[in-house]
Amino acid sequence: WLKRFPSAQPTLVFPRARRARAAGDGNMVKISVLRDCLNGIVNAEKRGKRQVLVRPSSKVIIKFLQVMQKHGYIGDLEIVDDHRAGKVVVDLVGRINK
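Dropping the structure here:
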């Protein structure tokens, strides 16, 4: 059925151009992990979640989240070391506004 009607195939739509191609190999790479982290936190906060899992982790993300924690915007941080890029579990307190 899809062969006769090629326009009926689903199309994938990616919001904005947040990912770019690596040089020559055709794999997708993340451009801004900090932006993805903050978007995940804001979206979880809007949905009323109490925790959010942020991955991948980096030193910059951890320092940024520690500053947010110091100022009272988020609760505890749990850094999960999986011998890869790492993960961070963030406790939300409902004080994030965008």
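Its first residue numbered 697, the sequence shown is counted upward by one per residue in the working numbering.
All C-beta atoms, glycine included, are put in the ideal place defined by N, C-alpha and C.
When DSSP states are grouped into helix, strand and coil, residue 770 belongs to the strand group.
Residue 737 carries a helical assignment under DSSP once its states are collapsed to helix, strand and coil. The Cβ-Cβ distance between residue 750 and residue 789 does not fall below 9 Å. Taking residue 732 as the centre and dropping the five residues before and after it, the same chain places no C-beta closer than 6 Å to its C-beta.
Comparing alpha-carbon positions, the option among 741, 739 and 772 lying closest to residue 787 turns out to be 772. When the five nearest sequence neighbours on each side are left out, the beta carbons in the same chain lying within less than 8 Å of the beta carbon of residue 768 are those of 789 and 791, in order along the chain. Collapsing the DSSP output to three states places residue 732 in a helix. Rounded to the nearest angstrom, the gap between the Cα atoms of residue 774 and residue 741 is 17 Å.
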